[in-house]
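Colleague:
Residue numbers (the numbering used here), protein chains in the order written: chain A, 3 to 460; chain B, 123 to 380.
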C-alpha cells in the first residue's frame, strides 16, 4: 500500500471536473473565435489543400479533446495507480532542477519579468493571453497528479495564494491591454479612452445596482468557499514542538525570505519600514503629471516599471518562493520534491571581512580584546570592517550624486535636491535586495558589514 | 398588488423611516442619494468612465464589503470564542465540528485572506491609473496606513485559533521585534540605552515584550492580540476608512482623466 499515492480516485474525479470546466470555457472561446478570428490564410490552403477553414476549428478541436480527457477522468472509479494521464517524470525532474536552485530561480523570475514588460503588446493579444491561461491551467491540473505538489498547493492557507496569482496575472493583463490602446491614442494626440465615457449618469440606479450585484457575488463566493474548504486547524498549540519549517502568515513570507539575505533588524524592521515609507512617498516624488486617472504605460515608464518590479518579482514572487519552495530548514525544494527534513545543503557563507583579511591579506581577522576599553574595541572592529563600511557608505552616499550626474540628470533637474535624494535612496534600498541575493549566490557573501558584537550586520 | 405597495409607501410609518419618495423619476433618484444615510456616501451623479468595472476593478468596494463581512462574522464569533489557553483551541474545534453556523469561522478566515488580496489589488489599480497624483496624494497615504492595519488585523487574528499554525506563525513574525534597532534586546544599539551599567532594554522590556506581553507567545499574548484584533485596530480602521471615503469625495470624486 502506497501511503503517498500520486493519484487517487478522488483526485482523478476532481481533475475531471476541472478539465470539463476548461473544455466548456474553450467551447465558448471557439464560438468567439468564429466571430472574430476569420479564416486560415493561403499558406495553410497550399499545404493542406483545404479552403475556407475558420481558425475557430482549432479551438473547437482543442475543446473536444479536453472534454474527452475530462470523461476519461470522470469514468475512472478504480485502479488509480494505472491511470495514464499524469505528469512525466522527466518533466518533473527538469522543473525541480530549475526551481530548487536559487540561481536559476532568480534568473527565471527576472527573465519572466523582463519578458512581461518587453513583450507586453504581444501577450495582451486576447488569443495569446487565452492560450497562456490555458497552459497555466493545464500545468496546474497535470501537477495535481503529483503527491508532493498537492501537499503544498492544497494546504488550505495556500489556496488563496493560487487565487491571488491568477488575479494578479489577470489584472496585469487588463492593465497592459488598456495601455496598448491608450498609448496609441496619446501618440496620435488623442485623449485617453476613459475620457470618451465622460457623460454623467445617476448613482441610483447605475452605481448602486452594480454595488449590490458585486456584494451578492462576493457573499456567494465566500459562502461557497467556506462550504467547500474547511479553514485550517492543526494540532493544539505546543511551545515545545517546533514545526519545521516554521512559517509566518503567507502575506509576510516575502519578508521572511529576506531573512536569508539580511539580519532580522534589516529584514524585519528597517526594510519593512522603508517599504511602507516608500509607498507613502510615491505621490510626493512622482513629479510626472501625465497619466492621472487613466491607464497609460509609455508616458510613465519609469514609475510603472519600478512599481511592477517591486510588486511582481520582489513581493509576489518572493511570497511564491517562501510558500511553495522553501521547505524544512528553509532549504529550497522543487515543486514535485518530497520535503525531506534531512536534505543537506552545503552552506559556507563568508563575510566580506573574511574575504578581505583571510583571502586577500592572508592575515587573521583583527580581534577586539574584550577586556580593553570600549573605544579600543571599537577601533579594532572598525579596522576589521573598514571595507564593508566603505562599501555601504559609498552605496548610499556616493551613488545618488553619481546617478544625478548621469542617468537621472533630467530627473534631478526637475525634482530638486530633497525629492531626488529621497527617491534615489528608496531606489537603492529596493535594489539592495536583488543585489544581496546575487552576491549571496555568486560569491557566497553573507554580510558586507559584520559586527555581531553590536548586532549590527548588513 | 401595486396599490398595496402604494398604500404602504404612503403610510405614516414608512414615510417616517425613509426620508424620501420612491426613486421612480429622475428627481427622486437624486433625492434618494442625498437623503438616505447609507447612500449619502455617494455623489448624486458620476462620470460613466469612473464607475466602469474594467477601470475600477471594484477592488476598493470589495475590500470595504469584506471589512463589513469580517465585522459581522467576527462579532458572531466573539459570542462563542473564549480567548484563554483553556478554551481557545477547543472553541475553534467545536466551531468546526459541532456548532450550528460554525461556517462563520470559515467565512471569517477566507474573507480575511481575500481582504488582504483585494487591498493589494486596489492599490495596484490606484497606482496603475495614477490616481495617487495631485490632488489625491494624501488619500494614498491613508490608503497605505489602511494596508498596514489590514495586515495587522490579519496577523493578530492568526493567533486566535491557538493551534500549531497559529503560535508558530506569530512566533516567527514577532521574533523580528527582538531585532528592532535600539528597542529590541537583540537589535543594534540597544546597549546605548543603559543607566549606570544596567540595560534598559532586556528580553522583558523590549519591543517584542510590548507586542507579546510576555517573553514568549503565551496567554498574555492571546489576550493582547484578542483585544487588538477585536477592538483596538477595528476602531482605528473604521476611522481611517471614514476619512478615506470622505477624502475621495472632497478630492474630486472617483478618479478620472483630468
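Even glycine gets a Cβ: it sits at the ideal position worked out from N, Cα and C.
Remember, predicted model here, so these are calculated numbers, not experimental data.
In angstroms, rounded to a whole number, what distance separates the CA positions of residue 111/A and residue 315/A?
Modeller: On the first chain, residue 111/A is found 109 positions in, with the first residue counted as 1. On the first chain, residue 315/A is found 313 positions in, with the first residue counted as 1. The straight-line gap from Cα to Cα measures roughly 6 Å.
Colleague: Below 6 Å CB to CB, which residues in the same chain sit around residue 90/A once its five sequence neighbours on both sides are set aside?
Modeller: By one-based count along the first chain, residue 90/A stands at place 88. There are no such residues.
Colleague: Against chain A, does residue 298/B count as a neighbour if the rule is that its beta carbon must be under 7 Å from one of theirs?
Modeller: Indexing the second chain from 1 puts residue 298/B at position 176. Taking Cβ atoms only, chain A reaches closer than 7 Å to residue 298/B, which makes this a yes.
Colleague: Going by CA-CA distance only, name the one from 314/B, 244/B and 344/B that's closest to residue 184/B.
Modeller: Within the second chain, numbered from 1, the residue matching residue 184/B stands at position 62. Ranking 314/B, 244/B and 344/B by Cα distance to residue 184/B puts 244/B first.
Colleague: Is the CB-CB distance between residue 325/A and residue 123/A below 7 Å?
Modeller: One-based indexing of the first chain puts residue 325/A at position 323. One-based indexing of the first chain puts residue 123/A at position 121. Cβ atoms of residue 325/A and residue 123/A: not closer than 7 Å.
Colleague: Could you tell me which residues DSSP pairs with residue 328/A in its beta bridges?
Modeller: For the purposes of this step, residue 328/A is identified with residue 326 of the first chain, where counting begins at 1. 334/A.
Colleague: Does any C-beta atom of chain B lie closer than 7 Å to the C-beta of residue 157/A?
Modeller: Along the first chain, one-based indexing puts residue 157/A at 155. So no, residue 157/A is outside the interface.
Colleague: Here's the rule: buried if 16 or more other CB atoms are within 10 angstroms of the residue's CB, otherwise exposed. What is residue 3/A?
Modeller: Residue numbering aside, residue 3/A sits at position 1 when the first chain is read from its first letter. Model confidence at residue 3/A stands at a pLDDT of 49, short of 50, so the residue's coordinates are unreliable and nothing is read from them.
Colleague: Got a sec: which bits of the stretch 320-351 of chain B sit with their beta carbon under 7 Å from any beta carbon on chain A, in order along the chain?
Modeller: Here the close residues are 338.
Colleague: Pull up the distance between the alpha-carbon of residue 306/A and that of residue 142/A, whole angstroms please.
Modeller: Along the first chain, one-based indexing puts residue 306/A at 304. Along the first chain, one-based indexing puts residue 142/A at 140. Rounded to the nearest angstrom, the two C-alpha atoms are 30 Å apart.
Colleague: Counting only the same chain and skipping the five closest in sequence on each side, list residues whose C-beta sits under 7 Å from that of residue 350/A.
Modeller: Position 348 of the first chain, counted from the start, is the residue given in the question as residue 350/A. So the list reads 446, once near-sequence residues are dropped.
Colleague: Going straight from the alpha carbon of residue 37/A to that of residue 356/B, what length do you get?
Modeller: Mapped onto the first chain, residue 37/A falls at position 35. Mapped onto the second chain, residue 356/B falls at position 234. Their backbone Cα atoms lie some 51 Å apart in a straight line.
Colleague: Along the stretch 248-270 of chain B, what residues have a CB closer than 7 Å to any CB found in chain A?
Modeller: Here the close residues are 249, 250, 251, 252, 253, 254, 255, 259, 262, 263, 266 and 270.
Colleague: Using the C-alpha atoms, what's the distance from residue 376/A back to residue 399/B?
Modeller: With chain B covering only 123 through 380, there is no way to say anything about residue 399/B.
Colleague: Who are the Cβ neighbours of residue 308/B in its own chain at under 7 Å, not counting the five residues just before and after it?
Modeller: On the second chain, position 186 is the one that residue 308/B refers to. Result list for residue 308/B: 300 and 301, in chain order.
Colleague: Just mark residue 169/B as buried or exposed, buried being the case when its beta carbon has 16 or more other beta carbons within 10 Å.
Modeller: Here residue 169/B refers to the residue found at position 47 of the second chain. So residue 169/B counts as buried.
Colleague: So, is the C-beta of residue 262/A closer than 7 Å to a C-beta in chain B?
Modeller: Locating residue 262/A in the first chain gives position 260, counting from the first residue. Not closer than 7 Å to any Cβ of chain B, the Cβ of residue 262/A fails to qualify, so no.
Colleague: CA-CA distance, residue 280/B and residue 237/A?
Modeller: In the second chain, the residue the question calls residue 280/B occupies position 158. In the first chain, the residue the question calls residue 237/A occupies position 235. The alpha-carbon atoms of residue 280/B and residue 237/A are separated by roughly 15 Å.
Colleague: Residue 202/A lies in the beta strand (DSSP E); which residues open and close that run?
Modeller: Start at 1 with the first residue of the first chain, and residue 202/A comes out as number 200. First-last of the beta strand (DSSP E) with residue 202/A: 202-204.
Colleague: Under 7 Å between the Cβ atoms of residue 305/B and residue 328/B?
Modeller: The residue given as residue 305/B occupies position 183 in the second chain. The residue given as residue 328/B occupies position 206 in the second chain. Taking 7 Å as the Cβ cut-off, residue 305/B and residue 328/B qualify as a contacting pair.
Colleague: In the stretch 234-299 of chain A, which residue ranges form an unbroken alpha helix (DSSP H) of at least 4 residues, counting only runs that do not cross its ends?
Modeller: Qualifying alpha helix (DSSP H) stretches, in chain order: 255-260 and 273-287.
Colleague: Residue 350/B to residue 278/B, Cα distance in whole Å?
Modeller: Position 228 of the second chain holds residue 350/B. Position 156 of the second chain holds residue 278/B. Residue 350/B and residue 278/B: Cα-Cα distance of roughly 7 Å.
Colleague: Let me confirm a value: residue 348/B is counted as buried when at least 16 other C-beta atoms fall within 10 Å, else exposed. Which label applies?
Modeller: Walking along the second chain from the start, residue 348/B turns up at place 226. Buried, by the Cβ-count rule.
Colleague: Measure from the C-beta of residue 145/B to each C-beta in chain A and report whether the shortest distance is under 7 Å.
Modeller: For the purposes of this step, residue 145/B is taken as the residue at position 23 of the second chain. It does: the Cβ of residue 145/B has a partner Cβ on chain A nearer than 7 Å.
Colleague: At a Cβ cut of 9 Å, what residues of the stretch 173-189 of chain B count as close to chain A, listed as they run along the chain?
Modeller: Those residues of the stretch 173-189 of chain B that come within reach of chain A (Cβ to Cβ, closer than 9 Å) are 173, 174, 175, 176, 177, 179, 180, 181, 183, 184, 187 and 188.
Colleague: Determine the contact status of residue 267/A and residue 303/B, defining contact as a CB-CB distance below 7 Å.
Modeller: Here residue 267/A refers to the residue found at position 265 of the first chain. Here residue 303/B refers to the residue found at position 181 of the second chain. Going by C-beta atoms, residue 267/A is nearer than 7 Å to residue 303/B.
Colleague: What is the DSSP secondary structure of residue 431/A, reduced to helix, strand or coil?
Modeller: Counted from its first residue, the first chain places residue 431/A at position 429. Three-state DSSP puts residue 431/A in a helix.
Colleague: Assign residue 446/A to one of three DSSP states: helix, strand, or coil.
Modeller: As a first step, residue 446/A must be located in the first chain, where it is residue number 444. DSSP places residue 446/A in coil when its eight states are reduced to three.
Colleague: Can you tell me the Cβ-Cβ gap for residue 67/A and residue 146/A, rounded? I've got them flagged as a contact below 8 Å.
Modeller: Working through the first chain from its first residue, we reach residue 67/A at position 65. Working through the first chain from its first residue, we reach residue 146/A at position 144. 19 Å between Cβ atoms; not a contact.
Colleague: Would you say residue 434/A reaches chain B, if we count a Cβ-Cβ gap shorter than 7 Å as a contact?
Modeller: Residue 434/A sits at position 432 when you count from the first residue of the first chain. No, residue 434/A does not count as interfacial toward chain B.
Colleague: May I ask you to report which of helix, strand or coil DSSP gives residue 202/B?
Modeller: Taking the first residue of the second chain as position 1, residue 202/B is located at position 80. Residue 202/B falls in the helix class under three-state DSSP.
Colleague: How would you call residue 70/A, buried or exposed, if buried means at least 16 neighbouring beta carbons within 10 angstroms?
Modeller: Here residue 70/A corresponds to residue number 68 of the first chain, with the count starting at 1. So residue 70/A counts as exposed.
Colleague: Would you identify the three-state DSSP class for residue 285/B, choosing helix, strand or coil?
Modeller: Within the second chain, the letter at position 163 stands for residue 285/B. Three-state DSSP puts residue 285/B in a strand.
Colleague: Answer with buried or exposed for residue 363/A, where buried requires no fewer than 16 other C-beta atoms within 10 angstroms of its C-beta.
Modeller: For the purposes of this step, residue 363/A is taken as residue 361 along the first chain, with counting starting at 1. So residue 363/A ends up on the exposed side.
Colleague: Nearest chain B C-beta to residue 271/A closer than 7 Å, yes or no?
Modeller: On the first chain, residue 271/A is found 269 positions in, with the first residue counted as 1. Yes - at least one Cβ of chain B is within 7 Å of the one on residue 271/A.
Colleague: Quick one: which residues of the stretch 350-380 of chain B get their C-beta closer than 7 Å to a C-beta of chain A? List them in chain order.
Modeller: Taking 7 Å as the Cβ-Cβ cut-off against chain A, the residues of the stretch 350-380 of chain B that qualify are 377, 378, 379 and 380.
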